[in-house]
Ligand SMILES: [Zn+2]
């Protein structure tokens, strides 16, 4: 079972996530309303039962976390583009967690805003990635934001073996359905 509740089902879940995000509701609000949706449509055939507080709660919390990370990044990216800074600074905020490895290596990288790097590595770059980009007017200003202007671009930045996978490549984002089906598959184990 892959937890797929169909297109209409996932759009209902997405509507709930959008409402939670826009009105600043916490994960528990989403969990409660998702529970009603699951009960109403009898999705508990394919989902962990709502009464299984730990498994159901975990899926709801993870879905909320993944969705809000993507939406916050979308907002930040739009603000960044509107601000028109000459330089952009890549910051990794979770170097020993989900962003360990390549994202951590990119931390502090300072590049012109129009560099092709940003067309591949606009965060988030993986599920639950909390990396961010900020704008700076000068190399000195970038240092105050945690940037290292002397840091050189790793040679693998556009290597197919190393770039973010297709769901996150170049500002691509997985849909709520893709996120949900993947999370439910994990919770089955
Ligand atoms: Zn990251």
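Numbering (this note's numbering), first residue to last: 103 to 291.
We put the beta carbon where it would ideally sit given N, CA and C, even for glycine.
These numbers come from a predicted model, not from an experiment.
(request) Flag residue 225 as yes when its Cβ comes closer than 7 Å to any non-hydrogen atom of ligand 1, and as no otherwise. (result) Looking up residue 225 in the chain shown gives position 123. Indeed, a heavy atom of ligand 1 lies less than 7 Å from the Cβ.
(request) Name the one or two DSSP bridge partners that residue 213 has. (result) Position 111 of the chain shown, counted from the first residue, corresponds to residue 213. Beta-bridge pairing links residue 213 to 190.
(message) Please classify residue 285 as buried or exposed, where buried requires at least 16 neighbouring CB atoms within 10 angstroms.
(response) Residue numbering aside, residue 285 sits at position 183 when the chain shown is read from its first letter. Per the 10 Å Cβ criterion, buried.
(request) In angstroms with no decimal places, state the Cα-to-Cα distance between residue 223 and residue 165. (result) Here residue 223 refers to the residue found at position 121 when the chain shown is read from its first residue. Here residue 165 refers to the residue found at position 63 when the chain shown is read from its first residue. Distance from the CA atom of residue 223 to the CA atom of residue 165, rounded to whole angstroms, is 22 Å.
(request) Return the chain-ordered ranges of every beta strand (DSSP E) run that is complete within the segment 246-274 and spans a minimum of 3 residues. (result) Whole beta strand (DSSP E) segments, 3+ residues: zero.
(request) Could you tell me whether any non-hydrogen atom of ligand 1 is closer than 7 Å to the CB of residue 170? (result) Residue 170 sits at position 68 when you count from the first residue of the chain shown. For ligand 1, not one heavy atom lies less than 7 Å from the Cβ of residue 170.
(request) For residue 149, collect the residues of the same chain with a Cβ closer than 8 Å to its Cβ; drop the 5 residues on either side in sequence, then sort them by chain order. (result) Walking along the chain shown from the start, residue 149 turns up at place 47. So the qualifying residues of the chain are 105, 107, 140, 158, 161 and 286.
(request) Alpha carbon to alpha carbon, how far is residue 137 from residue 244? Give it in angstroms, no decimals. (result) Stepping through the chain shown from its first residue, residue 244 is reached at position 142. Stepping through the chain shown from its first residue, residue 137 is reached at position 35. Rounded to the nearest angstrom, the two C-alpha atoms are 45 Å apart.
(request) Measuring alpha carbon to alpha carbon, tell me which of 253, 177, 187 and 219 ends up nearest residue 261. (result) Looking up residue 261 in the chain shown gives position 159. The option with the nearest alpha carbon to residue 261 is 219.
(request) Kindly indicate which three-state DSSP category residue 126 falls into: helix, strand or coil? (result) Numbered from its first residue, the chain shown carries residue 126 at position 24. DSSP places residue 126 outside both helix and strand once states are collapsed to three, so it counts as coil.
(message) Comparing C-alpha positions only, which one of 176, 240, 117 and 228 sits nearest to residue 271?
(response) Mapped onto the chain shown, residue 271 falls at position 169. Out of 176, 240, 117 and 228, 228 has the C-alpha closest to the C-alpha of residue 271.
(request) Please go through the same chain and pick out, in chain order, the residues whose beta-carbon is closer than 6 Å to the beta-carbon of residue 196, but skip the five residues on each side of it. (result) The residue you call residue 196 lines up with position 94 of the chain shown. Its chain contains 232 as the residues whose beta carbon lies nearer than 6 Å to that of residue 196, once the 5 sequence neighbours on both sides are disregarded; these appear in chain order.
(request) Quick one: grab the DSSP three-state call for residue 238. (result) Here residue 238 refers to the residue found at position 136 of the chain shown. Under the three-state reduction of DSSP output, residue 238 falls in the strand class.
(message) Please classify residue 103 as buried or exposed, where buried requires at least 16 other C-beta atoms within 10 Å of its C-beta.
(response) Taking the first residue of the chain shown as 1, we reach residue 103 at position 1. Confidence at residue 103 is low in this model, with a pLDDT of 47, below 50, so its placement is unreliable and no value can be given for it.
(request) Go through its chain and collect everything with a Cβ distance to residue 169's Cβ below 6 Å, but skip five positions before and after it. (result) Here residue 169 refers to the residue found at position 67 when the chain shown is read from its first residue. Short of 6 Å from the beta carbon of residue 169, and not among the five residues preceding or following it, lie these beta carbons of its own chain, in chain order: 119.
(message) My output table needs one value for residue 137: the three-state DSSP class, helix, strand or coil.
(response) Counting from one through the chain shown, the residue named residue 137 turns up at place 35. It is helical.
(request) Might you give, ordered along the chain, the residues of its own chain that have their beta carbon closer than 7 Å to the beta carbon of residue 205, omitting 5 neighbours on each side? (result) In the chain shown, counting from the first residue as 1, residue 205 sits at position 103. For residue 205, where only same-chain residues beyond five positions count, the Cβ hits under 7 Å are 194, 227, 231 and 233.
(request) Take residue 133 as the anchor and find which of 248, 250 and 156 has the nearest alpha-carbon. (result) Along the chain shown, read from residue 1 onward, the residue named residue 133 stands at position 31. The shortest Cα separation from residue 133 among 248, 250 and 156 belongs to 156.
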